[in-house]
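Chains as they are written, first to last, in my numbering: chain A, 737 to 1007; chain B, 10 to 277.
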């Protein structure tokens, strides 16, 4: 029997959303997404391209996941480097990349928040380009490494990412969301359960969600990762386990981070 | 060019109380850390700064923690894999530091308006989101051709921009790497542009993996070897992850002041 962890299920679901030939936007510090994109390239989507925040350019080649050595992996891969101003204003509207965002709060209509939380009050790091891209893009996707009622809430504190609503002039709300519990889309503007991961029930997902979920007629179990997908993730794409920094918390996360930093420093040939 | 090369402490004197200060580079990459340290070690560190960064990281958290910053304008303020920027998170949450919410579009179109010499640039960004409510100073305009409501991002003026580069020459040319962030836009818009560099050479050589800002784009150049560390200066050195973790640990233990004292003394 194949065993796998939630981070691996999420990476595989992200990979399966990728269509060959697409341009994929890589944010900063989103290793689950990066691992999923590379997995797609190594399986069914060899012709994807990466719009990389590191170096602000477009790359065809890829590099294994890193924390402190990310520039030495990606900077020499890009076919062009344009800086962030040109990337934001000119490059992204032309190339219309698919992008996975990680929200702090999501409502049933797919509006999401990365600005601040009210109770308990906490300022979040920032919204990047979310309030810009979500007003015009039709290629917005979400991922949530740890599904909870605090994240999936009926009333989000601020709208920074624009969801499904009739008043929008361009683009559309999120197409899809993957969490550590299941996969979702939006049907008639409402979030809908598509599949539950192995070991999780639909009832459990509803209990962990702060609003009533729609349920797809053919809801069932998410196809688990294949042995080949797991081998690629573990041995080729992310041998250091950087992807797990998004699903672990507290002392376990800190221990993994220390271990990765040490391994990167010990590697030969790196700067 | 005479007078361009100066020492760090002289360069710091251009940052005065109440100024809008922009720091170049990206989150943990090519940040002017040595400049910030020199600013904080000066007899009278500036107060009431408006700190404007495309993305803000370790160097900006030091300035915020030391009480130099009244207002932050940035699309992201954090330490990437190393987590939240501890002092920004604490002081922005408590309201001690004011946040002017910015996004990629508001900073980019604001800088483009400044470059074009016009008061604003229109964009579809923010329409339908809460950003317009959070930034009541940002107005909307009606597209005179289509009638569509657009966001009118106001021009951004910057008093001092500080970049960190790989090399400079005595003519005042400066070499950056290709992880540019908005460094070129800062050069085009800031009143005063300061660049710290890893080394100063007689004459810069062009290379395919670098971008050169030709003189007289930069007003002052100061030598600062390893001046971006613990952020990176690719390809010369990588992010110093252990150093950043030590900072986070110190702040989480409530020891920012001790950390800053030791950092400025060169002990951490």
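From the three backbone atoms N, C-alpha and C, an ideal C-beta is built for every residue, glycine too.
Residue nearest to residue i in terms of C-alpha spacing, selected from the options
i	options	result
residue 777/A	875/A, 834/A, 757/A	757/A
residue 182/B	231/B, 134/B, 139/B	231/B
residue 852/A	973/A, 841/A, 845/A	841/A
residue 125/B	164/B, 18/B, 112/B	164/B
residue 952/A	1003/A, 927/A, 866/A	927/A
residue 189/B	211/B, 28/B, 33/B	33/B
residue 887/A	844/A, 870/A, 748/A, 779/A	844/A
residue 850/A	139/B, 128/B, 127/B, 242/B	139/B
residue 141/B	157/B, 40/B, 109/B	109/B
residue 66/B	195/B, 40/B, 191/B, 225/B	40/B
residue 906/A	187/B, 153/B, 186/B, 135/B	135/B
residue 921/A	896/A, 902/A, 936/A, 954/A	954/A
residue 241/B	806/A, 794/A, 741/A, 745/A	806/A
residue 822/A	176/B, 105/B, 193/B, 263/B	193/B
residue 253/B	227/B, 68/B, 19/B, 121/B	68/B
residue 925/A	839/A, 912/A, 834/A	912/A
residue 794/A	982/A, 827/A, 898/A, 932/A	827/A
residue 829/A	761/A, 991/A, 987/A	761/A
residue 256/B	25/B, 219/B, 112/B, 74/B	74/B
residue 168/B	22/B, 15/B, 12/B	22/B
Cβ-based burial, residue i [other Cβ within 10 Å; buried from 16]
i	result
residue 755/A	exposed
residue 275/B	exposed
residue 43/B	buried
residue 816/A	exposed
residue 1007/A	Note that residue 1007/A scores 44 on pLDDT, short of 50, meaning its location in the model is unreliable and no value can be drawn from it.
residue 216/B	exposed
residue 150/B	exposed
residue 944/A	buried
residue 942/A	exposed
residue 77/B	buried
residue 29/B	buried
residue 908/A	buried
residue 1000/A	buried
residue 982/A	buried
residue 46/B	buried
residue 176/B	buried
Distance between residue j and residue i (C-alpha atoms, nearest Å)
i	j	result
residue 269/B	residue 116/B	30 angstroms
residue 209/B	residue 222/B	14 angstroms
residue 738/A	residue 959/A	12 angstroms
residue 36/B	residue 179/B	29 angstroms
residue 89/B	residue 938/A	33 angstroms
residue 876/A	residue 235/B	39 angstroms
residue 873/A	residue 836/A	12 angstroms
residue 929/A	residue 772/A	21 angstroms
residue 751/A	residue 774/A	8 angstroms
residue 266/B	residue 17/B	23 angstroms
residue 1034/A	residue 980/A	Since the first residue shown for chain A is 737 and the last is 1007, residue 1034/A is missing from the structure and cannot be characterised.
residue 54/B	residue 48/B	6 angstroms
residue 858/A	residue 214/B	48 angstroms
residue 144/B	residue 84/B	14 angstroms
residue 281/B	residue 64/B	Outside the displayed span of chain B (10 to 277) sits residue 281/B, for which this structure offers no information.
residue 57/B	residue 79/B	5 angstroms
residue 788/A	residue 766/A	11 angstroms
residue 891/A	residue 846/A	11 angstroms
residue 885/A	residue 946/A	5 angstroms
residue 861/A	residue 94/B	8 angstroms
residue 59/B	residue 790/A	26 angstroms
residue 957/A	residue 832/A	31 angstroms
residue 810/A	residue 802/A	10 angstroms
residue 203/B	residue 160/B	32 angstroms
Residue i: CB within 7 angstroms of a non-hydrogen atom of the ligand GDP
i	result
residue 84/B	Ligands displayed in this structure: none; no statement on the ligand GDP is therefore possible.
Chain B contacts made by the segment 853-865 of chain A, where a contact means CB separation under 8 angstroms: Within the segment 853-865 of chain A, the qualifying residues are 857, 858, 859, 861, 862, 863, 864, 865.
Anything in the segment 81-93 of chain B with a Cβ closer than 8 angstroms to a Cβ of chain A? List those residues in chain order, please. 83, 84, 85, 86, 87, 89, 90, 91, 93
May I ask you to list, following chain order, the residues of the segment 179-200 of chain B that have a beta carbon less than 8 angstroms from some beta carbon of chain A? 186, 187, 188, 189, 190, 191, 192, 193, 194
Tell me which residues of the segment 243-271 of chain B have at least one Cβ-Cβ distance to chain A shorter than 8 angstroms, keeping chain order. Listed in sequence order: 243, 244, 245, 246, 247, 248, 249, 250, 251, 254.
Between the segment 130-156 of chain B and chain A, which residues of the former have CB atoms less than 8 angstroms from a CB of the latter, in chain order? The residues in question are 132, 133, 134, 135, 136, 137, 138, 139, 140, 143.
Any residues in the segment 51-68 of chain B with a beta carbon nearer than 7 angstroms to a beta carbon of chain A? Which ones, in chain order? 63
Residues, ordered as in the chain, of the segment 230-244 of chain B that lie near chain A by beta-carbon distance below 8 angstroms: 241, 243, 244
Sequence ranges, beta strand (DSSP E) only - wholly within the segment 184-256 of chain B, length at least 3: 201-210, 219-222, 229-232
I'd like the ranges of any beta strand (DSSP E) spanning at least 3 consecutive residues and lying wholly in the segment 109-148 of chain B. Those beta strand (DSSP E) runs which fall completely within the segment 109-148 of chain B and span 3+ residues are 129-132.
Which residues of the segment 13-38 of chain B have a Cβ closer than 7 angstroms to any Cβ of chain A? Give them in chain order. Residues passing the 7 angstroms Cβ filter: 36, 38.
Closer than 7 angstroms, Cβ to Cβ, to anything on chain B: give me those residues from the segment 954-982 of chain A, in chain order. 981
Going along the chain, which residues of the segment 788-804 of chain A sit with their C-beta nearer than 7 angstroms to a C-beta in chain B? 790, 791, 792, 803, 804
Looking at chain B, which residues of the segment 754-783 of chain A have a Cβ within less than 7 angstroms of any of its Cβ atoms? 764, 765
Starting from the N-terminal side, write out each stretch of the alpha helix (DSSP H) that is 4 residues or longer and does not extend beyond the segment 752-781 of chain A. Listed in chain order, the alpha helix (DSSP H) runs fully inside the segment 752-781 of chain A are 767-778, counting runs of at least 4 residues.
Please specify which runs of the beta strand (DSSP E), each continuous and at least 3 residues long, are wholly inside the segment 39-76 of chain B, giving them in chain order. 58-61
Please list, in chain order, the residues of the segment 107-119 of chain B that have any C-beta partner in chain A closer than 9 angstroms. Residues passing the 9 angstroms Cβ filter: 108, 110, 111, 112, 113, 114, 115, 116, 117, 118.
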